[in-house]
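J.:
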Amino acid sequence: MLSSYLNFRFDVQGKPINGFCMRIQDDFHETYAVIVDGYHSFCVWLDSTSTWRSSKHTSLEPTALEQIISRIISTESK
């Protein structure tokens, strides 16, 4: 399980992406709050079909979102 939070920092097309995520209580899904510098916060979650979803108004580039989810997955599997 992800401990209290996960810091991340990486580049997408030369643009730095900095922030953190933390697991939040959700009775239905594995859910994480994501806070990224320069963006509105949003949530990602693993739904009942084992597909990762994100909040409707997530404005982060898809490549950056994939990087964040990959980091959550790799941390969870440890």
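In terms of the numbering used here, the sequence shown has 1074 at position 26, counting the first letter as 1, and numbering is strictly consecutive. Where a beta carbon is used, it is the ideal one built from N, C-alpha and C, also for glycine. All of these numbers come straight from a predicted model, not from anything done at the bench.
(1) Our contact map puts residue 1074 next to residue 1093 with C-beta atoms below 8 Å; I'd like the distance itself, whole angstroms only.
(2) Applying the 10 Å Cβ sphere with the 16-neighbour rule, what's the burial state of residue 1067?
(3) Would you tell me roughly how many angstroms separate the C-alpha atoms of residue 1098 and residue 1059, rounded to the nearest one?
(4) Looking at the secondary structure, which residues open and close the alpha helix (DSSP H) in which residue 1124 lies?
(5) Using CA atoms only, rank isn't needed, just tell me which of 1071, 1078 and 1109 is closest to residue 1062.
T.: Short version:
(1) Residue 1074 to residue 1093, Cβ: 7 Å. Contact.
(2) Residue 1067 comes out buried.
(3) Answer to the nearest angstrom: the Cα atoms are 27 Å apart.
(4) Looking at the DSSP string, the run of the alpha helix (DSSP H) that includes residue 1124 is 1110–1124.
(5) Minimum Cα distance to residue 1062 is reached at 1109.
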